[in-house]
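Asker: So the sequence shown is residues 1 to 115, counted in UniProt numbering. Glycine is no exception: its CB is placed at the ideal position from the N, C-alpha and C atoms. Take a look at this one; I'll ask things after.
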Amino acid sequence: LGNIVAVKGNCLEEETYPEELKECQSLIHSVGTLFQGNKSYNTYAAMNTDTCVKIATKFNEYAKASGKQRNFVMISSEKAPPFLNEYVTSKRIAEDFLLNECEHLRVHILRPGFI
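Here it is, written out as structure tokens:
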């Protein structure tokens with residue numbers, strides 16, 4: 001595991017993206033929330049969709065500039081109880097973005113079952 005590095009940043013704020021992102025070959029996106037809060041940054045749209053779209057957009061730009069595809073792994077969800085339909089929808093929107101808008105990324109989507 002010597003080549004795995006955890007870095008701190010906020011996927012919603014590009015200015016916090018670490019410099020390592022420019023040279024990174026693979027990125028794992030595991031951000032998400034199962035229950036929404038009452039703050040604008042703690043909604044399904046913000047946490048499950050926007051965090052993925054924003055970091056993937058920048059990572060895709062870096063991949064394009066380097067001329068080499070990079071790996072993007074998204075931890076999504078297979079399904080959720082009926083009362084959490086909006087949760088699954090927000091994950092699927094992010095998945096669709098990755099698959100249709102990030103041509104310089106090799107996209108890998110993991111959909112674990114509901115725990």
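Fully enclosed by the segment 40-96, which alpha helix (DSSP H) runs are 4 residues long or longer?
Answerer: 51-66
Asker: Are there 16 or more other CB atoms within 10 angstroms of the CB of K68, so buried, or fewer, so exposed?
Answerer: The residue labelled residue 68 in the question sits at position 68 within the sequence shown. Exposed.
Asker: In the DSSP assignment, the beta strand (DSSP E) including I4 goes from what residue to what residue?
Answerer: As a position in the sequence shown, residue 4 is number 4, starting the count at 1. Where I4 is concerned, there is no enclosing beta strand (DSSP E), given that its DSSP letter is neither H nor E.
Asker: Determine, using beta carbons only, whether N42 and T49 come nearer to each other than 8 Å.
Answerer: For the purposes of this step, residue 42 is taken as the residue at position 42 of the sequence shown. For the purposes of this step, residue 49 is taken as the residue at position 49 of the sequence shown. It is not a contact, given that the beta carbons lie outside the stated cut-off.
Asker: For the putative contact between F97 and A56, defined by C-beta atoms under 8 Å, what is the C-beta separation to the nearest angstrom?
Answerer: Along the sequence shown, read from residue 1 onward, the residue named residue 97 stands at position 97. Along the sequence shown, read from residue 1 onward, the residue named residue 56 stands at position 56. Indeed they touch by this definition, with Cβ atoms about 7 Å apart.
Asker: Distance, Cα to Cα, N3 vs V31?
Answerer: Along the sequence shown, read from residue 1 onward, the residue named residue 3 stands at position 3. Along the sequence shown, read from residue 1 onward, the residue named residue 31 stands at position 31. Between N3 and V31, the C-alpha separation is close to 21 Å.
Asker: Under the three-state reduction of DSSP, which class applies to L105: helix, strand or coil?
Answerer: Counting from one through the sequence shown, the residue named residue 105 turns up at place 105. Strand.
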